[in-house]
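Asks:
Protein chains in written order, with my numbering: chain L, 1 to 206; chain F, 207 to 341.
Next up, the structure:
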């Protein structure tokens, strides 16, 4: 609330303001000498009026008067009336929308996290292949490519590949560096020696 | 120590036969295998091991719709069935077995390139199969 709005000051004096409008008006009146003066002036007028009620008697009875007010309200029905809105400073706006700001900040952070997390996926054409053995060499970087019409003719084209061994997977890629196509079967049972391998796979019925 | 079992398969349009190798890859300091002089640089780039040893080499003629069985040793057997030849290369079904267990089943079109198959790890070595179609 920046502008000196006497209507709002009047509303404050009359006790018409509610919620945030009330708080903003109160804060403004405390901080603004001009509106504080207006506020005190209107309060003074109000007190004077309360102390000196009009002596003019109404022609209508009280009940009849209020019945006319009620009818007028009903006649207007849903007709909208303009209510002055206070202009908000940035600090007021931020305070009013603090939950929205917190939510927006959380969403931005989450979006950044997702983008960061997805970066390795974007770099999928280069994958590091690691050997899960104690002295396995450093895995080479290989280029992964799905067979497409653009595949160089030197590469074999694997149209379909699968491994029937449980808990293992077979994937294929073209190693641009080596110039060969590779079927990479991972998850096969590890055995300590060749005899162990023969025994392991001899008992594995796929 | 991991054992690298490799089958190298190479093929060409006019290929009449196929050549398969069983290779063990390890990091043991050993003399280079002269039989793998041409293939070793490619194997190093793909699998990263220092040393490669050929454990078995088998080949045979490719006949349409006929299954070729190649026993590469150490219980590794591959089955290759040539489908109808195509302009783009030889379309074939490739299966790799260890004992009764089928490790890989694949449909591959091979022209001039080679195909490497990463097999099981044995100790600190890795078994690799190399497959190529030759004229």
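Beta carbons: idealized from backbone N, C-alpha and C, even for Gly. Since this is a predicted model, take the numbers as computed values, not measurements.
Take residue 234(F) and list the residues in its own chain whose beta-carbon comes closer than 6 Å to its own, dropping the five residues that flank it on each side.
Replies: Position 28 of the second chain, counted from the first residue, corresponds to residue 234(F). Counting only Cβ-Cβ distances below 6 Å, and skipping sequence neighbours, we find 257.
Asks: For a contact meaning CB atoms closer than 8 Å, what does residue 189(L) contact in chain F?
Replies: On the first chain, position 189 is the one that residue 189(L) refers to. For residue 189(L), the C-beta contacts it makes with chain F under 8 Å involve 326, in order along the chain.
Asks: Could you tell me whether any Cβ in chain F is nearer than 7 Å to the Cβ of residue 135(L)?
Replies: As a first step, residue 135(L) must be located in the first chain, where it is residue number 135. Caution applies to residue 135(L), whose pLDDT of 45 falls short of 50 and renders its modelled position unreliable; the model cannot decide the point.
Asks: Using the beta-carbon count (16 or more within 10 Å), is residue 271(L) buried or exposed?
Replies: No answer is possible for residue 271(L): the residues shown for chain L start at 1 and end at 206.
Asks: DSSP state of residue 29(L), grouped into three classes?
Replies: By one-based count along the first chain, residue 29(L) stands at place 29. In the structure shown, residue 29(L) sits in a helix (DSSP, three-state: H, G or I).
Asks: Going by DSSP, what residues sit across from residue 42(L) in a beta bridge?
Replies: Against the first chain, residue 42(L) aligns to sequence position 42. For residue 42(L), which the question treats as bridged, DSSP gives no partner whatsoever.
Asks: Give the C-beta separation of residue 20(L) and residue 96(L) to the nearest angstrom, bearing in mind that I take them to be a contact with Cβ-Cβ under 8 Å.
Replies: The residue you call residue 20(L) lines up with position 20 of the first chain. The residue you call residue 96(L) lines up with position 96 of the first chain. Yes, they are in contact, since the Cβ atoms of residue 20(L) and residue 96(L) sit about 6 Å apart, within 8 Å.
Asks: Given 8 Å as the limit, is there contact between the region 177-188 of chain L and the region 283-291 of chain F, that is, 3 or more CB pairs closer than that?
Replies: In short, these stretches do not touch, since the Cβ pair count stays below three.
Asks: Tell me which residues of the region 297-314 of chain F have at least one Cβ-Cβ distance to chain L shorter than 7 Å, keeping chain order.
Replies: 304, 305, 306, 307, 308, 309, 310, 311, 312, 313, 314
Asks: Mind pulling the chain F residues with CB within less than 9 Å of residue 118(L)?
Replies: Residue numbering aside, residue 118(L) sits at position 118 when the first chain is read from its first letter. The premise fails here: residue 118(L) is roughly 27 Å from chain F at the closest Cβ pair, so nothing lies under 9 Å.
Asks: Identify the contact partners of residue 248(F) in chain L, using a Cβ-Cβ distance below 8 Å as the criterion.
Replies: Working through the second chain from its first residue, we reach residue 248(F) at position 42. Near residue 248(F) (Cβ distances below 8 Å), the residues of chain L are 175, 178, 179, 180.
Asks: Can you find a C-beta in chain L that's less than 7 Å from the C-beta of residue 262(F)?
Replies: Taking the first residue of the second chain as 1, we reach residue 262(F) at position 56. Look at residue 262(F): its C-beta is not under 7 Å from any C-beta on chain L.
Asks: Within 10 angstroms of the Cβ of residue 295(F), are there 16 or more other Cβ atoms? Answer buried if so, exposed if not.
Replies: As a first step, residue 295(F) is located in the second chain; it is residue number 89 there, counting from the start. Per the 10 Å Cβ criterion, buried.
Asks: Going residue by residue through the region 241-305 of chain F, where are the continuous beta strand (DSSP E) segments of at least 3 residues, counting only ones entirely within it?
Replies: 257-267, 273-279, 282-288, 296-304
Asks: Sort out for me which residues DSSP pairs residue 310(F) with in a bridge.
Replies: Looking up residue 310(F) in the second chain gives position 104. Its beta-bridge partners are 302(F).
Asks: Checking 7 Å against the spacing of the C-beta atoms, do residue 229(F) and residue 334(F) come in under that value?
Replies: Within the second chain, residue 229(F) is the residue found at index 23, counting from 1. Within the second chain, residue 334(F) is the residue found at index 128, counting from 1. Contact: yes.
Asks: Tell me whether the beta-carbon of residue 165(L) lies closer than 7 Å to the beta-carbon of residue 188(L).
Replies: Taking the first chain and counting its residues from 1, one reaches residue 165(L) at position 165. Taking the first chain and counting its residues from 1, one reaches residue 188(L) at position 188. Yes.
Asks: Give a single yes or no on whether residue 179(L) has its beta carbon closer than 6 Å to a heavy atom of the ligand NAP.
Replies: Although the ligand NAP was asked about, the structure shown includes no ligands whatsoever.
Asks: Who does residue 172(L) pair with in a DSSP beta bridge?
Replies: Counting from 1 along the first chain, the entry for residue 172(L) is found at position 172. Residue 172(L) is bridged to 183(L).
Asks: Rounding to the nearest angstrom, what Cα-Cα distance links residue 290(F) and residue 337(F) in this structure?
Replies: By 1-based counting over the second chain, the position of residue 290(F) is 84. By 1-based counting over the second chain, the position of residue 337(F) is 131. Going by the C-alpha atoms only, they are around 19 Å apart.
Asks: What does the Cβ neighbour count give for residue 197(L), buried or exposed, with the cut at 16 atoms within 10 Å?
Replies: Here the question's residue 197(L) lines up with position 197 in the first chain. Burial call: buried.
Asks: Buried or exposed for residue 174(L), please, with buried defined as at least 16 other CB atoms from any protein chain shown within 10 angstroms of its CB.
Replies: Taking the first chain and counting its residues from 1, one reaches residue 174(L) at position 174. Buried, since its Cβ has 16 or more Cβ neighbours within 10 Å.
Asks: Anything in chain L within Cβ reach of residue 321(F), meaning under 8 Å, just list it in chain order.
Replies: Here residue 321(F) refers to the residue found at position 115 of the second chain. Identification of chain L residues near residue 321(F) by a Cβ-Cβ cut-off of 8 Å yields 156, 158, 180, 181, 182, 183, ordered along the chain.
Asks: By the three-class DSSP mapping on this structure, what secondary structure does residue 96(L) have?
Replies: Numbered from 1 along the first chain, position 96 holds the residue referred to as residue 96(L). Helix, per DSSP.
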